[in-house]
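Just so we're aligned, residue -6 is where the sequence shown starts under the numbering used here, counting upward by one.
Worksheet: the structure to be examined is printed underneath.
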Amino acid sequence: PSLRKLVDVVPYGLPDTPLPPPRPVIKGVWPGIERDDQLLLWGGGLWPWLDPLSAIRATAELSRELPAVKLVFPGTRHPSPDMAAMPTLNAEAKALAAELGVIDSHVFFGDWVPYSDWPAVLQESDVALTLHHDALETRLAFRSRVLEYIWAGLPTVATAGDTTSDLIRAHGLGELVEEGDVASLVAALRRLLVEPRDARAEAFARARSELTWSRAAEPLLRFCRAPYRAADKVVESGAYLYDEADSLRQERDAWRELAQAYGRGRVMRALNWAEMKRRAWFGGEAEQ
């Protein structure tokens, strides 16, 4: 039997609103990236549990036959000081790009993209990348950035093995590769880059309709509309079950009575009543 009535899941969701009008943020703006280049987007940070190094190796190989291919890491520094001590692969990624001769020519590192610019970055990109290592984090993670790719209709190459890669596979929104398989990554990128951008438009539309916040939050909304307690949940005395909804209704009626008392001008009587209720609910002596 399902335990959904005891524990349910509200995953991350997509905005119900469409994307704002596109505008250039990277193409034709960043030095070294032209307006007609093909942009590979790495959204998010270069965390140790992810695999940006395979993305750099694949881009270096692909650039030999497709010189207009450019890989961008737009957010290598998190603006929150709380994240400053988090380890990253920033240094390793830049060193590899320099070693392969593609830094600032085919691989570009930004600092941080303002959230207001992010929808435009999604729209001007051609393919997104989400690559990770096979670790415990993979099994537990839900990569919200992938949902933003779906929102923008952005074909994605992902490492197989996590929940969001299952979404890509199920809806036909891109291609999956095995961890660290650079040859397969190059082949997958090549296939997606020659596709028309709207080739998967219907698949993305279906996925968006199933992944909006209004759909994702339905388990929570359903509970809020009809709250209940588990059958074995008892009051503190352990003697009786009680109806939470009825308790809330009683409190609502009490506050409604208080408001009506104010409306009738019985201020002092209402204040005394409120003080009695305060002491009954929260304990303590009345203030002098």
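Every residue, glycine too, gets a C-beta built ideally from N, C-alpha and C.
Just curious, the beta strand (DSSP E) that E168 is in, first and last residue? Counting along the chain, the beta strand (DSSP E) containing E168 begins and ends at 167 to 170.
Give a yes or no on whether the C-beta atoms belonging to P41 and P80 are separated by under 9 Å. Using a Cβ distance threshold of 9 Å, P41 and P80 count as a contacting pair.
Between V150 and G167, is the Cβ-Cβ spacing less than 9 Å? In this structure, G167 lies closer than 9 Å to V150 by Cβ.
Measure how close the beta-carbons of S47 and G154 come, nearest whole angstrom, since I'm counting them as under 8 Å. Incorrect: roughly 14 Å between the Cβ atoms, too far for contact.
Tell whether a beta-carbon distance below 9 Å holds between I82 and L39. It should be pointed out that residue 82 corresponds to Leu in this sequence rather than to Ile. In this structure, L82 places its C-beta atom within 9 Å of the C-beta atom of L39.
H125 - partner residues in DSSP beta bridges: Residue pairing for H125: DSSP places it in a beta bridge opposite L43.
Taking the alpha helix (DSSP H) that F135 belongs to, which residues open and close that run? According to the DSSP assignment, F135 belongs to no alpha helix (DSSP H), since it is labelled neither H nor E.
Spatial distance of A209 from G165 (CA atoms): Answer to the nearest angstrom: the Cα atoms are 20 Å apart.
Quick one: is W248 buried, meaning 16 or more other Cβ sit within 10 Å of its Cβ, or exposed? So W248 ends up on the exposed side.
In terms of alpha-carbon separation, which member of A176, R(-3), Y142, A61 lies closest to L160? It is Y142.
How big is the Cα-Cα spacing for V95 and S73? Answer to the nearest angstrom: the Cα atoms are 29 Å apart.
Beta-carbon proximity list for W105, same chain, < 6 Å, skipping 5 on both sides: Leaving aside the five residues that flank W105 on each side, the residues in its chain whose CB is nearer than 6 Å to its CB run, in chain order, G68, R70, P72.
Kindly indicate which three-state DSSP category P4 falls into: helix, strand or coil? Coil at P4, not helix or strand.
How far does the alpha helix (DSSP H) with L292 in it extend, from its first residue to its last? The structure shown does not extend to residue 292, since the chain is modelled only from -6 through 281, so no value can be given for it.
Taking the DSSP output, what are the residues bridged to I96? In DSSP, I96 forms a bridge with V100.
Using the three-state DSSP reduction, which class does K(-2) fall into: helix, strand or coil? Of the three classes helix, strand and coil, the one that applies to K(-2) here is coil, per DSSP.
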